[in-house]
Structure formats: structure tokens, C-alpha cells
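Trainee: Below you'll find the structure I mean.
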Amino acid sequence: MKGNRNKSCTFYNDIRWEIYGILIICIGVLGLVSLYTDSVGALGIILKKNMKGLAGAGALTIPLGICMWGFYCLLRKKFPRFTPKLYGILLVIFVVLVVLHIKPYIEMKNLSFIEKMRKSADLGENGIGGGLIGGISAIILFTLFGSAGTYVLLFTFLCIGIILSTGISISEIIKHSINTKKEKRRELKPHIINSAATSSEETEEKLDENEKIKEKENLLITSQSNTEKTESVTERNKTRETSDNTFDNTFCAERHHKNQEYNFPPVNLLQKGSSKQNNLNEKELLNNAQILENTLESFGIQAKVVQVSFGPVVTRYEVQPSPGVKVSRIVNLADDIALSLAVPDVRIEAPIPGKAAIGIEVPNKEVSKVYFREIVESAEFKNSSSKLTIALGKDIAGKPVVADLAEMPHLLIAGATGSGKSVCINTIITSILYKASPNEVKLLLIDPKVVELTTYNGIPHLIAPVVTDAKKAASALNWMVSEMERRYKLFAKEGVREINRFNEVSQEKLPKVLVIIDELADLMMVSPREVEESICRLAQMARAAGIHLVVATQRPSVDVITGLIKANIPSRISFAVSSQVDSRTILDMAGAEKLLGKGDMLFFPVGAAKPMRIQGAFLSEKEVEKVVAFVKNQMEPSYEKKLSDFEEEKSLKNEDDVDELFKEALSVVIENGQASASLLQRKLRIGYARAARLIDQMEEKGFIGKYEGSKPRQILITKEQFEKYFNESA
Numbered sequence: 001m002k003g004n005r006n007k008s009c010t011f012y013n014d015i016r017w018e019i020y021g022i023l024i025i026c027i028g029v030l031g032l033v034s035l036y037t038d039s040v041g042a043l044g045i046i047l048k049k050n051m052k053g054l055a056g057a058g059a060l061t062i063p064l065g066i067c068m069w070g071f072y073c074l075l076r077k078k079f080p081r082f083t084p085k086l087y088g089i090l091l092v093i094f095v096v097l098v099v100l101h102i103k104p105y106i107e108m109k110n111l112s113f114i115e116k117m118r119k120s121a122d123l124g125e126n127g128i129g130g131g132l133i134g135g136i137s138a139i140i141l142f143t144l145f146g147s148a149g150t151y152v153l154l155f156t157f158l159c160i161g162i163i164l165s166t167g168i169s170i171s172e173i174i175k176h177s178i179n180t181k182k183e184k185r186r187e188l189k190p191h192i193i194n195s196a197a198t199s200s201e202e203t204e205e206k207l208d209e210n211e212k213i214k215e216k217e218n219l220l221i222t223s224q225s226n227t228e229k230t231e232s233v234t235e236r237n238k239t240r241e242t243s244d245n246t247f248d249n250t251f252c253a254e255r256h257h258k259n260q261e262y263n264f265p266p267v268n269l270l271q272k273g274s275s276k277q278n279n280l281n282e283k284e285l286l287n288n289a290q291i292l293e294n295t296l297e298s299f300g301i302q303a304k305v306v307q308v309s310f311g312p313v314v315t316r317y318e319v320q321p322s323p324g325v326k327v328s329r330i331v332n333l334a335d336d337i338a339l340s341l342a343v344p345d346v347r348i349e350a351p352i353p354g355k356a357a358i359g360i361e362v363p364n365k366e367v368s369k370v371y372f373r374e375i376v377e378s379a380e381f382k383n384s385s386s387k388l389t390i391a392l393g394k395d396i397a398g399k400p401v402v403a404d405l406a407e408m409p410h411l412l413i414a415g416a417t418g419s420g421k422s423v424c425i426n427t428i429i430t431s432i433l434y435k436a437s438p439n440e441v442k443l444l445l446i447d448p449k450v451v452e453l454t455t456y457n458g459i460p461h462l463i464a465p466v467v468t469d470a471k472k473a474a475s476a477l478n479w480m481v482s483e484m485e486r487r488y489k490l491f492a493k494e495g496v497r498e499i500n501r502f503n504e505v506s507q508e509k510l511p512k513v514l515v516i517i518d519e520l521a522d523l524m525m526v527s528p529r530e531v532e533e534s535i536c537r538l539a540q541m542a543r544a545a546g547i548h549l550v551v552a553t554q555r556p557s558v559d560v561i562t563g564l565i566k567a568n569i570p571s572r573i574s575f576a577v578s579s580q581v582d583s584r585t586i587l588d589m590a591g592a593e594k595l596l597g598k599g600d601m602l603f604f605p606v607g608a609a610k611p612m613r614i615q616g617a618f619l620s621e622k623e624v625e626k627v628v629a630f631v632k633n634q635m636e637p638s639y640e641k642k643l644s645d646f647e648e649e650k651s652l653k654n655e656d657d658v659d660e661l662f663k664e665a666l667s668v669v670i671e672n673g674q675a676s677a678s679l680l681q682r683k684l685r686i687g688y689a690r691a692a693r694l695i696d697q698m699e700e701k702g703f704i705g706k707y708e709g710s711k712p713r714q715i716l717i718t719k720e721q722f723e724k725y726f727n728e729s730a
């Protein structure tokens, strides 16, 4: 009953407001009709006389205002309140009424105050001036402030009224008008993104172009996305101009609060980018765009350049072909385009993802180096919450590019010598040092080349000393597999699925682990089966356990990057490679053979349609040494003992786990003077797996040499030594 009563009250309340609204609208309509006709009767005559007497020529505002009041009550179910917007409208109406009465006031300037009021009302009834409201206001304003002061005040009131009623700022109107004029001057030019310059002032000089250039400019299109990119670049440059001390205090203090025992390295340890940037020559870019169009036209292809993106190393010209033109025709002209532009090589991206255009990437004559500090100081890196955020470099538009290893979840890197692969690995490790404490992320570094990663020995993030022995590397990967299995058992006990949830519910906090292998090819030569098996198991299952892989190699051949490894590591980075075959091995597509080297890379994250071209951040050895020294001085590393224990256990296990055919197999090898699995298969009539295992055992005991590709293994034991060895063991 109570609920029905409430509904009934609400219903009648709504009806009441609708009745109010309709009645008020009715009064407004009657007033509106009475202003123009005498068909409303005596009431209409009274309304007309009073409204015109009050507002004169502006009497129309009264019935319109009444109608709006009624509609407000009808729709909102309440009377309107006096808001700033309403005050603004009333102020504008007031100014209009005073302005309407300026001329009548001048004509009755010599009359007394009472006579002026009476005259204003009479003129208002005849639809002249601003009526009684405008007349009284004009009399007061002109008497107190004179004609000049009155005009200034009226203009001021008008501006205030417009601002209050519309919410539009006068300064925005002025800026918009200035920008509109500037855009009209350059609306026929292509929109060019300059990633290096910091919001440089637009030059007013006119380019002396011929009629063809002018006709071309009329065809060029400015896209909105470019404007947004330019604004973001300007914001980044403003952020970059802040002082180093401010960044150190904010960026490092937040983390220091959470991890009081670990202070994050300050950015002043890193080299600052030089103020001298790659200058943007707009005339040269326009000229290159014209050459591109002329070159394509000479081959019978109608196309136009719609956008130019100016980056630190390359400039991308976005070409839009005419309807009916095959994309493959433009792609096949890469060498001809390079010849016409007088550059070593060009890379063509056809089409650009998300755009109806083909990207022609041309190397810049002057290359701007991208410093690691620029990326670390960028908003993208600072605002990333992931502890596995890595700084990669800048894209073609000059925007900083960072990636989250936790989302990848594993990364495969390939590139020829001198292409920037080692610098990229250093930037990945240093990014972790700037982003995570030793309690949050642990590192397992495997460096068969011995000299690349040993600089990091002694940092508290290491789970074990840098592994430089290839055999120990296989054991380390095997141990990491057992660590993954141990973590999943802990997850099962707590009833959780992944590491972040486990750290929330458990008192034992597990750090994430990043395994970095600097040269996979060397490991695959020594222990191909064990290494491939461990990498595949980790790549398949380790993501939820918080274990991530970064695998690098300078020889991206199919015997190093096997099908299983490629299938389980979806995210790729390719630096410059020697052939298209190598590019297809790492990226499953051509393109990496066109890269320029020295940090020029193609980044292909999981889920992306096409790889992204990035100029990798440069990090010198001196910078790495400074950061490592700062981190090492804070605390001693706490290595996992289980790694060394596992290596010992495995060697002891191998001593006892010798195949029963080992002696016979070794005898066959010595007699035939060669060691191969196929030989043992034929002579002993066993399967390939067992034969390969026998060869591995011979190598572990030092009886035969290491695998050297196409070369045969060396036999390191003679028949006399063989007999002596087994007689002693017997």
C-alpha cells in the first residue's frame, strides 16, 4: 500500500509540473501573437502595450523567454534556477536593449529625467528604442559614464554575457582565428611530422616552385592523425625539457618508497641527447615527393603523396595509388625509386596497416642518434606499471617505443654482426635495472661469447653468475624448467593460476625471472637437443610462472631457430640481416635485408599485423658500466644455490647412467675412424635416438670432439687407450 501511495504521489507531482509548463507556454504564445495581431482581444492589447513599453523593439524577447520557461518546467519538472548561463543570456539582452535606445536617447538629451522615462515608454509602445528598461539603463549609464565610458561598459558586458552563456573563451576564439589563417596559408602543403625538432616556429618564406609543384600541392592531403602525432611529439619535447633533478626526484623516489633497500639508478648516469638535431628541410621533402610521383608516372602509375613522416633515420612517404593500380607494381619499382632519389636502398611497406596508402621508407642524409636516456625519460616509459617494461627506441614518426615483456611473453632477436643486437640486449637489461628491484625481477644471463654480458656480474638482480660455458648453459636452462615446475606446484597448493595472483594471496613472494641468451647458435652446436627442449618447454608453459625468455642470435638459420622455437616465441625483433632468406626465417616475411644497420630494426610483437620499424636506442659501454657500478654498490647478489647443486647432481647422474652398448659403440667408432649416429644405427641396429645419445655420452667423457657442423667429429682416443680404460674400470 505504501509503495502504491508513493507511485501515486510521484505521478501527480509530474502531472502538476506539466500543467504548470503548459500554462506558462500558453501565456508566452498569447504574448507572442499579441505583438503582431490584434486578434487576442483586450488582454492581447494590454500584453502588447506592457511588453513594448518595457522592452520597445526588443519586446519579442519577453514572450520567447516565457515560452522557454514553460518548456523547462514541462521537461525538467521544476522551475529554472539562476545559473551563470542564464545570467549571461540576461546580460546580452540588457546590452541589446541599451544599444537600441542610444539613438532615441541622443534625440531627447535635453529633457528632464522624468520626461525621458515617459518618452522612452511612449517610444517603446510604438516599437522604437529599448523601452522603459533600455531607456532607464541608457539614462543612468550616459549620465554617470558619458558616451565613451558607456560604449566601453556595453562592450565589456557583452563579452561577459557571451562567455557566461556559451562557455566559449575569448582567448580561444582569438587563437582559433590565428590558427585558421595559418592553416589557410599552408593547407596545400603535405603535413610533415618532425620528430627531432621541438615545436619550431613556422617560417613565412614562400617557396619558389614551378607550376607543376603548385598543382601537386593542391593534391596533397593533411590527415588528422598527423596533427595528433605532432601534438604528442610537442608534449614529449616539453616533458623532455624538464630538469634532470626533477625527474630523478620523482621517478626514483616513488620506487624507493616501495623498495627502501634498493635505490633506482638516476638518469644523469646516462648520456643526454645532443641539442643539435636533424634539421627538417621542408623544401627538400616536397621535392622528393614530386620526384616520387614523377618516377611512378614514368612507369604508367598514377599516384600521389598524401603524407610525409620525418623520423630520426628514415623518412616515410605515404603514397596513395589511383583506383585500379596494383600494389605489386609499386613494390617491384623499389630499385628504380632508390635510383631516382639517389639513395642506397628503399623499403616499401604495402600497404601501411590501417591506412589506404603505401609507405616508401627513404634513408635520411643526416642520421639522428636516439639515446637511451630519451626513452627512459619519456612519459611512455615512466607511466608503464609493468616491471618488465623495456625501452626499444623511436618509431618512424619519432615517438618513443616501449614494450612489456610480460605481454609478449617471450622475445626472439636476430641480426648480423654490427647491426645493433648487442646494444639492444644491453638496453633490455638496463631497462629492468631502472624499472624493477632485485626482489621483483631476477635475471639469468647466458653468454657463450664470454665478453658481452660479463659486465653485469655482481648485480643483485642476478639469479646466478653470468653463465659462459655452453654445457653449463644447457644445465641452467634445465634447472629453469625445474624451477617452473616447482612454481606451478606452489600455485596448485594456493589454488591460483599465475604469479601475480600468487603474490597477492601468499606470504612467499616470487620474483619474475628474465632469461637472456645472447648467442643461441653456439648453444645449438654444443647441445642442440637439450637446449631446444628446454627453450620450448619454457616458451610453452613459463609465462604464467613469471619466467620470460629473450633469445638472441646472429645466425637466423633454420638449424638454429628451429620450427619448434619459432612456434613458441611469437614476438620477434630483427636487425639488419644479410639475405631475404634470413629475414623470412626470423619474421616470416622479407624486409629485414633492407634495414640500414646500427640499431635499425623491425619489431614484430605478438598480435601485430605487420612489423614496426624502429630506430633502436643507443647505450654505450661507459653508460652500462656507470649503471652497473651504481647498482652493485648498494647490495651483494644472492645467488641461487640450486643451480650449482643441479649441475653437480647431473654430472654424477651421468656417470652412472651409461648405456649398456657404450663400450661396443665406442669400439665401432674407433675401428671406423668416425663418430656419427648413422654409423651406430647401421652397425648396432639401433634407433636414431639411442645412437645420438651414445654419441653425446662419448663427447661428455671426452672420447670424441665437439660437433662442428659439416666437419666430422675428431676421435680423441686410441685403441690402446680404449682397452686400458675399460680394463681399469673392470
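Mapping the sequence shown onto the UniProt record's numbering, position 562 (from 1) lands on 562, and the numbers just tick up by one.
Built from N, CA and C at the ideal position, the CB exists for glycine as well.
The structure displayed is predicted, hence computed values, not measured ones.
What's the gap between the Cα of F145 and the Cα of C159?
Mentor: Walking along the sequence shown from the start, residue 145 turns up at place 145. Walking along the sequence shown from the start, residue 159 turns up at place 159. Looking at the two C-alpha atoms, the distance is approximately 19 Å.
Trainee: Just list the residues that DSSP pairs E361 with in beta bridges.
Mentor: Here residue 361 corresponds to residue number 361 of the sequence shown, with the count starting at 1. E361 is bridged to R316, R347.
Trainee: Could you check what DSSP says for E532 in three-state terms: helix, strand or coil?
Mentor: Position 532 of the sequence shown, counting from 1, holds the residue named residue 532. Helix at E532.
Trainee: Suppose only complete runs of 4+ residues qualify. What are the alpha helix (DSSP H) ranges in the stretch 681-711, listed by chain order?
Mentor: 688-700
Trainee: So which of P460, S475, H461 has the shortest CA-CA distance to V467?
Mentor: Locating residue 467 in the sequence shown gives position 467, where the first residue counts as 1. Nearest of P460, S475, H461 to V467, Cα basis: S475.
Trainee: So, with DSSP's three-state summary, where would you put V560?
Mentor: Taking the first residue of the sequence shown as 1, we reach residue 560 at position 560. Look at V560 here: in three-state DSSP terms it is coil, with no helix or strand label.
Trainee: Which residues in the same chain as L123 place their Cβ atom closer than 7 Å to its Cβ, once the five residues preceding and following it in sequence are excluded?
Mentor: Stepping through the sequence shown from its first residue, residue 123 is reached at position 123. Same-chain partners within the cutoff: G56, P104, G129.
Trainee: Could you tell me the distance, in whole angstroms, from the CA atom of I136 to the CA atom of A379?
Mentor: Indexing the sequence shown from 1 puts residue 136 at position 136. Indexing the sequence shown from 1 puts residue 379 at position 379. Cα-Cα distance, rounded: 60 Å.
Trainee: Tell whether a beta-carbon distance below 7 Å holds between L292 and V306.
Mentor: By 1-based counting over the sequence shown, the position of residue 292 is 292. By 1-based counting over the sequence shown, the position of residue 306 is 306. Against a cut-off of 7 Å, the Cβ pair of V306 and L292 comes out as no contact.
Trainee: In angstroms with no decimal places, state the Cα-to-Cα distance between Y317 and V92.
Mentor: Your numbering for residue 317 matches position 317 in the sequence shown. Your numbering for residue 92 matches position 92 in the sequence shown. Computed Cα separation, rounded: 52 Å.
Trainee: Do you know offhand how far L705's Cα is from I352's?
Mentor: Start at 1 with the first residue of the sequence shown, and residue 705 comes out as number 705. Start at 1 with the first residue of the sequence shown, and residue 352 comes out as number 352. The sequence shown places Gly at residue 705, rather than the Leu named in the question. Distance between the alpha carbons of G705 and I352: 51 Å.
Trainee: Is the separation between the beta-carbon of F604 and that of R572 shorter than 7 Å?
Mentor: Locating residue 604 in the sequence shown gives position 604, counting from the first residue. Locating residue 572 in the sequence shown gives position 572, counting from the first residue. Yes; because the gap between Cβ atoms is below 7 Å, this pair is in contact.
Trainee: Give me the Cβ distance between M484 and L538, rounded to the nearest whole Å; I'm assuming they're in contact under 8 Å.
Mentor: Position 484 of the sequence shown, counted from the first residue, corresponds to residue 484. Position 538 of the sequence shown, counted from the first residue, corresponds to residue 538. Yes, they are in contact, since the Cβ atoms of M484 and L538 sit about 6 Å apart, within 8 Å.
Trainee: What residues in its chain sit with their C-beta under 7 Å from that of D14, if we drop five residues either side in the sequence?
Mentor: Against the sequence shown, residue 14 aligns to sequence position 14. These residues qualify, in order along the chain: K77.
Trainee: Would a C-beta distance cut-off of 7 Å place G273 and I396 closer than the cut-off?
Mentor: Translated into positions along the sequence shown, residue 273 becomes position 273. Translated into positions along the sequence shown, residue 396 becomes position 396. No.
Trainee: Could you check the C-alpha separation between E519 and D469 for me, to the nearest Å?
Mentor: Along the sequence shown, one-based indexing puts residue 519 at 519. Along the sequence shown, one-based indexing puts residue 469 at 469. E519 and D469: Cα-Cα distance of roughly 12 Å.
Trainee: Checking 7 Å against the spacing of the C-beta atoms, do G458 and K632 come in under that value?
Mentor: To locate residue 458, count along the sequence shown from 1; it is residue 458. To locate residue 632, count along the sequence shown from 1; it is residue 632. Cβ distance < 7 Å, so G458 and K632 count as in contact.
Trainee: Are there 16 or more other CB atoms within 10 angstroms of the CB of C26, so buried, or fewer, so exposed?
Mentor: Taking the first residue of the sequence shown as position 1, residue 26 is located at position 26. Counting Cβ neighbours within 10 Å, C26 comes out exposed, since fewer than 16 surround it.
Trainee: Which whole-angstrom value describes the C-beta separation of V441 and K387, a residue pair presumed to lie in contact below a C-beta threshold of 8 Å?
Mentor: Reading the sequence shown from its first residue, position 441 is the one you call residue 441. Reading the sequence shown from its first residue, position 387 is the one you call residue 387. About 5 Å; that satisfies the 8 Å criterion.
Trainee: Cβ of Y688 within 7 Å of Cβ of A677?
Mentor: As a first step, residue 688 is located in the sequence shown; it is residue number 688 there, counting from the start. As a first step, residue 677 is located in the sequence shown; it is residue number 677 there, counting from the start. Yes, Cβ-Cβ distance for Y688 and A677 is below 7 Å.
Trainee: Would you please state the rounded distance, in angstroms, between the beta carbons of L443 and I432? I believe it to be under 8 Å.
Mentor: Reading the sequence shown from its first residue, position 443 is the one you call residue 443. Reading the sequence shown from its first residue, position 432 is the one you call residue 432. Rounded, the Cβ-Cβ distance is 7 Å, consistent with contact.
Trainee: For the stretch 492-507 against the stretch 516-534, do three or more pairs of beta-carbon atoms, one drawn from each stretch, fall closer than 8 Å, so that the two count as touching?
Mentor: no
Trainee: With distance defined between alpha-carbon atoms, name the residue in Q714, Q634, S638, S710 nearest to E261.
Mentor: The residue you call residue 261 lines up with position 261 of the sequence shown. Nearest option by C-alpha distance: Q634.
Trainee: For G393, report the span of its beta strand (DSSP E) as first-last.
Mentor: Locating residue 393 in the sequence shown gives position 393, where the first residue counts as 1. G393 -> beta strand (DSSP E) spans 389-395.
Trainee: Below 8 Å CB to CB, which residues in the same chain sit around Y639 once its five sequence neighbours on both sides are set aside?
Mentor: As a position in the sequence shown, residue 639 is number 639, starting the count at 1. The residues are L462, I463, A464, P465.
Trainee: Quick check: the Cα distance between S579 and S171, rounded to an integer number of angstroms?
Mentor: By one-based count along the sequence shown, residue 579 stands at place 579. By one-based count along the sequence shown, residue 171 stands at place 171. Their Cα atoms are separated by approximately 58 Å.
Trainee: Would you kindly work out how many angstroms separate the C-alpha atoms of A42 and G131, rounded to a whole number?
Mentor: The residue given as residue 42 occupies position 42 in the sequence shown. The residue given as residue 131 occupies position 131 in the sequence shown. Each residue's alpha carbon lies about 21 Å from the other.
Trainee: At what residues does the beta strand (DSSP E) containing V496 begin and finish?
Mentor: By one-based count along the sequence shown, residue 496 stands at place 496. Run containing V496: none; DSSP gives neither H nor E here.
Trainee: Is it buried or exposed, Q507, if we count other Cβ atoms within 10 angstroms and call 16 or more buried?
Mentor: The sequence position of residue 507 within the sequence shown is 507, counting from 1. When all chains shown are included, Q507 counts as exposed.
Trainee: Where DSSP assigns a beta bridge to I614, which residues make up the other side?
Mentor: Numbered from 1 along the sequence shown, position 614 holds the residue referred to as residue 614. Note: I614 sits in a beta bridge opposite D395, M601.
Trainee: Where does P266 sit, in a helix, a strand or coil, going by DSSP?
Mentor: Along the sequence shown, one-based indexing puts residue 266 at 266. The answer is coil: DSSP assigns P266 none of H, G, I, E or B.
Trainee: Give the list of continuous beta strand (DSSP E) stretches no shorter than 3 residues that lie fully inside the stretch 287-339.
Mentor: 303-310, 314-321
Trainee: In whole angstroms, give me the CA-to-CA distance for A592 and E349.
Mentor: On the sequence shown, position 592 is the one that residue 592 refers to. On the sequence shown, position 349 is the one that residue 349 refers to. Their backbone Cα atoms lie some 12 Å apart in a straight line.
Trainee: Can you give me the C-alpha to C-alpha distance between K435 and L587, rounded to a whole angstrom?
Mentor: Translated into positions along the sequence shown, residue 435 becomes position 435. Translated into positions along the sequence shown, residue 587 becomes position 587. Approximately 29 Å between the Cα atoms of the pair.
Trainee: For L412, name the three-state secondary structure that DSSP assigns.
Mentor: Counting from 1 along the sequence shown, the entry for residue 412 is found at position 412. DSSP places L412 in strand when its eight states are reduced to three.
Trainee: Got a sec? Which residues, its chain only, sit under 6 Å from I358 by beta carbon, not counting five neighbours each side?
Mentor: Residue numbering aside, residue 358 sits at position 358 when the sequence shown is read from its first letter. The answer, listed in chain order, is V319, I330, A350, P351.
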